[in-house]
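Residue numbers for the sequence shown follow the numbering used here, so the first one is 10 and each next one is one higher. All residues carry an ideal CB built from backbone N, CA and C; glycine is no exception. Source: prediction; values computed, not measured. Everything on this sheet refers to the single structure shown next.
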Amino acid sequence: MDGIYHLDGIKNIILVASAKGGVGKSTTAINIATALNQLKHNIGILDADIYGPSIPKMLGIKEKPKISEDKRFIPIEKFNMKCMSIGFLVNQKTPVIWRGPMIIKALKQMLNGVVWNNVDTLIIDLPPGTGDVQLTLCQKLKISGVIVVSTPQELALIDAIKGINMFKKLNVPILGIVENMSYLKTKSGEIIDVFGKGAVESSAKKNSINFLGKIPIDDLISKNGDKGIPFLIENNETDAGKKIMEIASYIDKKIK
Ligand SMILES: Nc1ncnc2c1ncn2[C@@H]1O[C@H](COP(=O)(O)OP(=O)(O)OP(=O)(O)O)[C@@H](O)[C@H]1O
Ligand SMILES: [Mg+2]
């Protein structure tokens, strides 16, 4: 296959990754994207989860992208962000069984075959794992950095480190690791460490990875995901909202 993809309209590319499923990659991707948009970045979101694209649902997008005169997709604009998803190209109700070459072709179409005009920062939501999608994107794109997401659970962390080692091997800069679903704060202010405590931060230290912070469990995060409205838009002032904003401010400074 041909060399590096040239993406004219995009300045920075950030990957949101974890080798484990269900830890909150897509949710974190959308919320960091929204926060960066509030920090004046023109944002693109690319949902590269070929196995279970969830960005269209999380952004409440029901329409399909239109095609430009030069036969490229025009990304859907929602909440002031440009969005493209593999979910627009496939039937969401049937599982996708794709082999390597097809995956690579679809990825290329979602990058080169999309009118990504004037995007400061493209956030790419990855599928779980360390497979063809991760490998292709790291080899074909100039990545500004990766955000790795993990929950505090041992099992999630083992997978997160697996992912980190893959990015290190591919010489992709790692912006840091986010601990998602870190704790639950009750109405009376009591903190419950549902999935354990401190493992992600100490493991980040051990692996010389920057620890980006702890995003608590908040039922509004999952409710907003289901509603199709980014949590951050409506909940800036919550503990989770402030933390997401803090992480985005760090990333903003780092990639500038
Ligand atoms: N901090 C949080 N508090 C409450 N719910 C959360 C939080 N983070 C994520 N969730 C919920 O957890 C579920 C999984 O999140 P999400 O889909 O973002 O994970 P994922 O890592 O992208 O999963 P997959 O590997 O399937 O792509 C969703 O229902 C989401 O709303
Ligand atoms: Mg996901």
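message: Please report the distance separating the alpha-carbon of residue 10 from that of residue 99.
response: For the purposes of this step, residue 10 is identified with residue 1 of the sequence shown, where counting begins at 1. For the purposes of this step, residue 99 is identified with residue 90 of the sequence shown, where counting begins at 1. Because residue 10 sits at a pLDDT of 47, beneath the cut-off of 50, its placement in the model cannot be relied upon, and the following sentence gives the value as read from the coordinates. So the two alpha carbons sit approximately 23 Å from each other.
- prompt: Are residue 154 and residue 184 close, meaning C-beta to C-beta below 7 Å?
  reply: Numbered from its first residue, the sequence shown carries residue 154 at position 145. Numbered from its first residue, the sequence shown carries residue 184 at position 175. Their beta carbons are under 7 Å apart, which means residue 154 touches residue 184 by this criterion.
query: Going by the CB atoms, is the gap between residue 70 and residue 87 shorter than 7 Å?
result: In the sequence shown, the residue the question calls residue 87 occupies position 78. In the sequence shown, the residue the question calls residue 70 occupies position 61. Yes, the Cβ-Cβ distance between residue 87 and residue 70 is below 7 Å.
query: Using a threshold of 6 Å, is the CB atom of residue 175 nearer than that to any non-hydrogen atom of ligand 1?
result: Against the sequence shown, residue 175 aligns to sequence position 166. Because no heavy atom of ligand 1 lies under 6 Å away, the Cβ of residue 175 does not count as near it: no.
task: Compare the beta carbon distance of residue 158 and residue 187 with 7 Å and say whether it is the shorter of the two.
output: As a working mapping, residue 158 is identified with position 149 in the sequence shown. As a working mapping, residue 187 is identified with position 178 in the sequence shown. Yes. Within cutoff.
task: Evaluate the contact criterion for the region 243-258 versus the region 51-60: three or more CB pairs, one atom per stretch, below 8 Å.
output: no
- request: Would you mind listing the beta strand (DSSP E) stretches within the region 198-250 that are 3+ residues and don't spill past its ends, in chain order?
  value: 220-224
query: In chain order, what residues of the same chain have a beta carbon less than 6 Å from the beta carbon of residue 121, not counting five sequence neighbours either side?
result: Here residue 121 corresponds to residue number 112 of the sequence shown, with the count starting at 1. These residues qualify, in order along the chain: 14.
task: Measure the CB-CB distance between residue 83 and residue 124 and report whether it falls below 7 Å.
output: Taking the first residue of the sequence shown as 1, we reach residue 83 at position 74. Taking the first residue of the sequence shown as 1, we reach residue 124 at position 115. Yes. Within cutoff.
Best match in 40, 17, 29 and 20 for proximity to residue 233 [C-alpha to C-alpha]: To locate residue 233, count along the sequence shown from 1; it is residue 224. It is 40.
Minimum C-alpha distance to residue 75 - residue among 110, 97 and 195: Within the sequence shown, residue 75 is the residue found at index 66, counting from 1. Comparing Cα positions, the closest option is 97.
field: Near ligand 1: residue 189 beta-carbon under 6 Å from a heavy atom
entry: Residue 189 sits at position 180 when you count from the first residue of the sequence shown. Correct: residue 189 has its Cβ closer than 6 Å to ligand 1.
query: Are the beta-carbon atoms belonging to residue 35 and residue 169 less than 7 Å from one another?
result: Indexing the sequence shown from 1 puts residue 35 at position 26. Indexing the sequence shown from 1 puts residue 169 at position 160. Cβ atoms of residue 35 and residue 169: not closer than 7 Å.
message: Following a CB-centred definition, is residue 34 positioned closer than 6 Å to any heavy atom of ligand 1?
response: In the sequence shown, residue 34 corresponds to position 25, counting from 1. Checking the Cβ of residue 34 against ligand 1 gives yes.
query: What is the rounded straight-line gap between the Cα of residue 191 and the Cα of residue 128?
result: Residue mapping note: residue 191 aligns to position 182 of the sequence shown, counting from 1. Residue mapping note: residue 128 aligns to position 119 of the sequence shown, counting from 1. Between residue 191 and residue 128, the C-alpha separation is close to 32 Å.
- request: Can you have a look at residue 77 and say buried or exposed, based on whether 16 or more other CB atoms are within 10 angstroms of its CB?
  value: Locating residue 77 in the sequence shown gives position 68, where the first residue counts as 1. By the neighbour-count rule (16 or more Cβ atoms within 10 Å), residue 77 is not buried but exposed.
task: Would you give the residue range spanned by the alpha helix (DSSP H) that residue 178 belongs to?
output: Translated into the one-based positions of the sequence shown, residue 178 becomes position 169. Taken as a continuous stretch (DSSP letters only), the alpha helix (DSSP H) holding residue 178 covers 163-178.
query: Which partner residues does residue 188 have in the DSSP bridge list?
result: For the purposes of this step, residue 188 is taken as residue 179 along the sequence shown, with counting starting at 1. DSSP output for residue 188 lists 159 and 223 as bridge partner(s).
- request: Measure the CB-CB distance between residue 205 and residue 137 and report whether it falls below 7 Å.
  value: For the purposes of this step, residue 205 is taken as the residue at position 196 of the sequence shown. For the purposes of this step, residue 137 is taken as the residue at position 128 of the sequence shown. No, the Cβ-Cβ distance between residue 205 and residue 137 is not below 7 Å.
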